[in-house]
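Structure below.
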């Protein structure tokens with residue numbers, strides 16, 4: 034098995050465009066799903082090959098990015114939140130504005146994902162996270178520019194967020210709940226919280242590239258991943274909430290009791 038990682042969703046799309054037959058399966062986010070469908074970079078799922086698809090939680094079916102779930106199989110979900118080094122910052126404000134705190138100059142990182150960056154800036158500005166109002170989006174743009182110019186904040190991929198947070202070079206950042214939990218297990222000085230204004234939710238789903246050479250094998254793999262005990266094992270390993278309704282009874286109590294996950 035060849036495993037290829039990508040730093041952000043734009044890199045993923047570029048890989049699927051340049052190497053359309055090299056991959057049999059990939060994980061993507063809801064914010065990229067519509068683009069992959071519109072550009073025909075992924076193929077429809079053959080539901081007859083997925084008898085365990087019925088284990089999926091109805092909350093994650095019929096969403097706007099794939100309203101009939103023709104192209105995707107939900108996998109895991111969670112909030113985008115703030116993680117920080119407790120050995121560098123004693124008690125950060127429990128708000129998105131903490132990413133703009135002057136005291137952390139040179140030690141703030143943001144995810145290089147437009148949706149996530151704008152979501153945090155909209156919330157920090159006191160606006161609705163889903164606002165399409167040009168004036169409010171302009172407020173968010175100004176806030177992100179101010180952050181980069183005044184604090185020297187860099188927008189980086191998730192791999193660099195992980196690396197810099199573990200090393201202590203990054204004191205505070207936005208990241209995904211799954212990464213925050215795993216990193217906190219590795220380093221006792223990493224803590225995390227959902228800001229008081231709320232947070233966006235991410236949903237990762239499996240999709241099959243348009244020219245996959247082993248489409249049937251990909252479907253068999255997906256059906257295996259739909260088994261409740263398998264889905265739960267992945268959640269327990271990756272510190273994530275599962276989109277598999279039947280998996281919950283196999284997920285550790287520690288994860289189910291974590292308010293940043295469930």
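In the numbering used here, the protein residues as written are 34 to 295.
We treat Cβ as the ideally placed atom computed from N, Cα and C, and that holds for glycine.
Backbone secondary structure at residue i - three-state DSSP
i           : result
residue 122 : coil
residue 37  : coil
residue 235 : strand
residue 301 : Any property of residue 301 remains undetermined from this structure, which presents the chain solely from 34 to 295.
residue 256 : helix
residue 188 : strand
residue 63  : helix
residue 285 : coil
residue 245 : coil
residue 142 : strand
residue 110 : strand
residue 104 : coil
residue 211 : helix
residue 151 : helix
residue 265 : helix
Member of the options whose CA lies at the smallest distance from the CA of residue i
i           : options               : result
residue 85  : 262, 111 and 168      : 262
residue 280 : 150, 43, 52 and 88    : 88
residue 252 : 146, 151 and 57       : 57
residue 220 : 110, 117 and 166      : 117
residue 203 : 110, 119, 77 and 70   : 119
residue 193 : 52, 178, 179 and 216  : 216
residue 172 : 165, 158 and 162      : 158
residue 292 : 232, 277, 241 and 254 : 232
Residue i - containing beta strand (DSSP E), residue span
i           : result
residue 224 : 223-226
residue 78  : Unbroken run through residue 78: none, as it is neither H nor E.
Residue i burial status per 10 Å Cβ neighbour count (16 or more: buried)
i           : result
residue 72  : exposed
residue 47  : exposed
residue 50  : exposed
residue 65  : buried
residue 45  : buried
residue 54  : exposed
residue 108 : buried
residue 146 : buried
Beta-carbon proximity check, residue i vs residue j, cutoff 8 Å
i           : j           : result
residue 133 : residue 230 : no
residue 275 : residue 268 : yes
residue 258 : residue 250 : no
residue 113 : residue 142 : no
residue 228 : residue 156 : yes
Residue range of the alpha helix (DSSP H) that includes residue i
i           : result
residue 200 : 191-200
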